[in-house]
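What follows is a single structure, written as structure tokens, with notes after it.
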Amino acid sequence: GAVVSQHPSWVICKSGTSVKIECRSLDFQATTMFWYRQFPKQSLMLMATSNEGSKATYEQGVEKDKFLINHASLTLSTLTVTSAHPEDSSFYICSARTRGMNTGELFFGEGSRLTVL
Amino acid sequence: GQQVMQIPQYQHVQEGEDFTTYCNSSTTLSNIQWYKQRPGGHPVFLIQLVKSGEVKKQKRLTFQFGEAKKNSSLHITATQTTDVGTYFCAGPRGNQFYFGTGTSLTVIP
Chain W
1 GAVVSQHPSW VICKSGTSVK IECRSLDFQA TTMFWYRQFP KQSLMLMATS NEGSKATYEQ
61 GVEKDKFLIN HASLTLSTLT VTSAHPEDSS FYICSARTRG MNTGELFFGE GSRLTVL
Chain D
1001 GQQVMQIPQY QHVQEGEDFT TYCNSSTTLS NIQWYKQRPG GHPVFLIQLV KSGEVKKQKR
1061 LTFQFGEAKK NSSLHITATQ TTDVGTYFCA GPRGNQFYFG TGTSLTVIP
């Protein structure tokens, strides 16, 4: 199957700093990438849908100025958590869908565990 | 936001027993997918159902899509310890993709 690489896997940062997480589709072109956030023992909460070359669509309650998403190419989307605070500590997972498909499986990255001290 | 509910939230079974998780959507879905997430891992695609009333099998796993395309179920026959994990249903709404609340399965050897 298709491979989505996400890094870093783990990141620890100080409160107030910004953290960038990268999500790459290694062997296919992803016109759409989804960013999810997952708290322990909870489901994946969709944060935003990222379309290549256009602005991301954020879910209600997700601050777009705090969670900056850039999808500059068909193989790379980035999520930047700006001015991180301890409550931003979570597991962030990206997933990608191949070009032109509204159905079909999502390919997930390995996830990034963020801890804000 | 989340409009896909799953029950039960947690299930503990003895190895060899069967397991079922149910997924209910407040809206009709064009398709539904099932994913498995092992502890500490990321979700892995299991299957997609598209047709009303569709039933698909993968070895010991049986997936069903309701006639109204608003609910689905996953049934595992004779669970094994390798079945441990959280099972999520997921469905599209527009260009977004939402996950159900998940069912965490523990298999006791």
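These protein sequence lines map, in sequence, to chains W and D. Using this note's numbering, read the first sequence as starting at 1 and increasing by one per residue. Using this note's numbering, read the second sequence as starting at 1001 and increasing by one per residue. Glycine included, each C-beta is placed from N, C-alpha and C at the ideal position. It should be emphasised that the depicted structure is a prediction, and the values quoted were computed from it without experimental measurement.
Query: Is there a Cβ from chain D that is less than 8 angstroms from the Cβ of F67(W)?; Result: no
Query: Which parts of the segment 1034 to 1062 of chain D are runs of the beta strand (DSSP E), unbroken and 3 residues or longer, counting only runs that do not cross its ends?; Result: 1044 to 1049, 1055 to 1058
Query: Going along chain D in order, which residues have a C-beta closer than 8 angstroms to the C-beta of G104(W)?; Result: Q1048
Query: Grouping DSSP H, G and I as helix and E and B as strand, with all else coil, what is E1067(D)?; Result: coil
Query: For S83(W), which residues of its own chain have a beta-carbon under 8 angstroms away from its beta-carbon, when the five flanking residues on both sides are left out?; Result: G16, T17, S18, K66
Query: Taking the alpha-carbon positions, what's the G1041(D) to E110(W) distance?; Result: 7 angstroms
Query: Using DSSP bridges, identify the partner residues of N70(W).; Result: T78(W)
Query: Which same chain residues, not among the five before or five after V1013(D), have their C-beta less than 8 angstroms away from its C-beta?; Result: F1019, T1079, L1105, T1106, V1107, I1108
Query: Distance, Cα to Cα, V1055(D) vs Q1064(D)?; Result: 4 angstroms
Query: If you count every other CB in all the chains shown that lies within 10 Å of the CB of P1008(D), and 16 or more means buried, which is it?; Result: exposed
Query: How many angstroms separate the CA atom of E105(W) from the CA atom of R97(W)?; Result: 7 angstroms
Query: Can you find a C-beta in chain W that's less than 8 angstroms from the C-beta of H1042(D)?; Result: yes
Query: Taking the beta carbon of S1025(D) as the centre, do at least 16 other beta carbons fall within 10 Å, making it buried, or is it exposed?; Result: buried
Query: Secondary structure at E110(W), three-state DSSP: helix, strand or coil?; Result: coil
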